[in-house]
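Numbering (my numbering), first residue to last: 4 to 166.
In structure tokens:
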């Protein structure tokens, strides 16, 4: 990203794990574009504000759906599902966000990074529901596809699910 977007200092604060400064800078910049949503989500999560994190990802999702950016919207939906999975374990909303992501990826012929995220989250969803046998194929897919598409967080997290 170019420095004239005003978000450079926010990125630097996040890199330093200075959540309060990042939040103040985001408020000062007042940006509401796609990157600002993602930075807002990271800032909120880092400062312990799960609701703020989810709200920012949901807003990014809405912007992307409105712009007909289905693959990127699927990623945003996966991020909501992932944070719900990590912090709440509430399976109904996790499944709902996964269904949104899967629907957005219908018709996408090539495999893209959100496919890794869907498989990773689905594997954990099955595992947390007490069905490790059903989790395994999803985790294996996430590892293989993640390696091929260089989505290392999906590889690492799904490798743990396989352990």
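Using N, Cα and C, we set each Cβ at its ideal position, and we do this for glycine too. Remember, it's a predicted structure, so these values are computed and weren't measured experimentally.
Point to revise | Distance between residue 77 and residue 8 (C-alpha atoms, nearest Å) | key: 25 Å
**Study point:** Distance, residue 38 Cα to residue 5 Cα
**Key:** Low confidence applies here, because residue 5 scores a pLDDT of 45, under 50, leaving its location unreliable; read the following figure in that light. Approximately 12 Å, taken between the alpha carbons.
Review point. Should residue 40 be labelled buried (16 or more other beta-carbon atoms within 10 Å of its own) or exposed?
Key: buried
Check your understanding: Exposed or buried, which one is residue 85 when buried takes at least 16 other CB atoms within 10 Å?
Key -> Sixteen is the threshold: when 16 or more other Cβ atoms of the shown chains lie within 10 Å of the Cβ of residue 85, as they do, the residue is buried.
Point to revise | Three-way DSSP call (helix, strand, coil) for residue 62 in this model | key: helix
**Study point:** Endpoints, alpha helix (DSSP H) assigned at residue 40
**Key:** 37–49
Practice item. Out of 153, 131, 152, point me to the one whose CA is closest to residue 163's CA. Key: Cα-wise, what sits closest to residue 163 is 131.
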